[in-house]
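Here's the structure we're looking at; comments come further down.
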Amino acid sequence: MANVLLRWLRVPPEPTPPEGASDSVIVFRAGRNYWRWRLLTWAAAQLGAAILAGMFATVILTAQAKMSPLAVLLWDAAETVAFVAYLVFLPISYQLQRLNYELRWYIVTDRSLRIRSGIWSVEEITMTFANIQDLRITAGPLQGWLGLADLVVSSAGGGAAKGKGTDAKSGHTAQFAGIANATATRDLIVERLKHYRDAGLGDRTEKPVVGVEAAAAELLAAAKELRAAV
9 MANVLLRWLR
19 VPPEPTPPEG
29 ASDSVIVFRA
39 GRNYWRWRLL
49 TWAAAQLGAA
59 ILAGMFATVI
69 LTAQAKMSPL
79 AVLLWDAAET
89 VAFVAYLVFL
99 PISYQLQRLN
109 YELRWYIVTD
119 RSLRIRSGIW
129 SVEEITMTFA
139 NIQDLRITAG
149 PLQGWLGLAD
159 LVVSSAGGGA
169 AKGKGTDAKS
179 GHTAQFAGIA
189 NATATRDLIV
199 ERLKHYRDAG
209 LGDRTEKPVV
219 GVEAAAAELL
229 AAAKELRAAV
């Protein structure tokens, strides 16, 4: 069913690594407990929907005593259709939760990072190390209990980020959501960021080095032009 859903939703293949050396590519995934958390919230939502449907059905059964036979027939048909639709969509919604977990891509190279997530609407953001300003780890009580945390990366300028981001609060924020190794991931990015900046990489344009002989020749030519002008 997963392959059918992927073809139907036209989910693109796995993202290509962002700018950087091919041997520096590292792919992170969300923690295993992130899937367990999504599964728990999905089950809770299904249980809540079933309880609400049962309460609604009870109210309708009570009101059917005052309805005409045709109205009762229509209500029964509507309830049957709704129940069948719920049963059909149940495994589909489960697979969507599974795919949302499996198709989260967190990619880091020696020059940039890329994050992709989403099934109904695929979102992808790319940041170069030249524009990263801040890295911070956030984790709520439940995340801490599950051994998970979010690594939030903020960038500067409009040219750093492409896309809406992944679980991001702004267009210049990327989030490694639900990872089990947030501290190690942050330390890796900080280390590569330091190496990137120490190596003088980025958008800076190096000025050409002028040799002593070339400088003397230019000075002599300028002196001759000045003498001719006098």
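Heads up, the sequence shown stops at 238 in our numbering, and the numbers go up one at a time, no gaps.
Each residue gets a CB set at the ideal place from its N, CA and C atoms; glycine is no exception.
In this text the structure is predicted, and so the values were computed from the model without any measurement.
Determine the contact status of residue i and residue j, defining contact as a CB-CB distance below 8 Å.
i      : j      : result
Thr181 : Ile145 : no
Val116 : Ile197 : yes
Pro20  : Ser120 : no
Tyr102 : Arg37  : no
Ala57  : Glu87  : no
Phe184 : Asp158 : yes
Ile68  : Trp83  : yes
Taking the alpha-carbon of residue i as reference, which of the options has the nearest alpha-carbon?
i      : options                       : result
Ile127 : Leu107, Thr70, Ile140         : Leu107
Asn139 : Gly155, Ser162, Tyr102        : Ser162
Ala29  : Lys74, Thr193, Leu143, Asp118 : Asp118
Trp45  : Gln105, Leu111, Arg18         : Gln105
Pro23  : Asp158, Ser125, Ala207        : Ser125
Thr49  : Leu95, Leu150, Thr193, Tyr204 : Leu150
Ile59  : Gln72, Ala85, Phe91, Ile133   : Phe91
Ile34  : Val89, Gly208, Val130, Arg194 : Arg194
Asn189 : Ala147, Leu81, Ala52          : Ala147
Met135 : Ala164, Ser129, Arg112        : Ala164
Tyr241 : Gln72, Ser32, Leu47           : No statement about residue 241 is possible, as the shown extent of the chain runs from 9 to 238 and does not include it.
Quick test of your reading: residue i and residue j, contact by CB under 8 Å. State the CB separation rounded to the nearest angstrom.
i      : j      : result
Phe137 : Leu201 : 5 Å
Arg122 : Glu110 : Actually they are not in contact, since the Cβ atoms of Arg122 and Glu110 sit about 17 Å apart, beyond 8 Å.
Self-check item: the region 28-46 contacting the region 153-161, beta-carbon criterion three pairs below 8 Å
Solution: Short answer: they touch.
Practice problem: May I have a chain-ordered list of the beta strand (DSSP E) segments no shorter than 3 residues that lie completely inside the region 106-177? | Solution: With a minimum length of 3 residues, the unbroken runs of beta strand (DSSP E) contained wholly in the region 106-177 fall at 113-116, 120-125, 131-136, 140-146, 157-163.
Quiz prompt | Complete runs of the beta strand (DSSP E) confined to the region 54-100 [at least 3 residues] | solution = Whole beta strand (DSSP E) segments, 3+ residues: zero.
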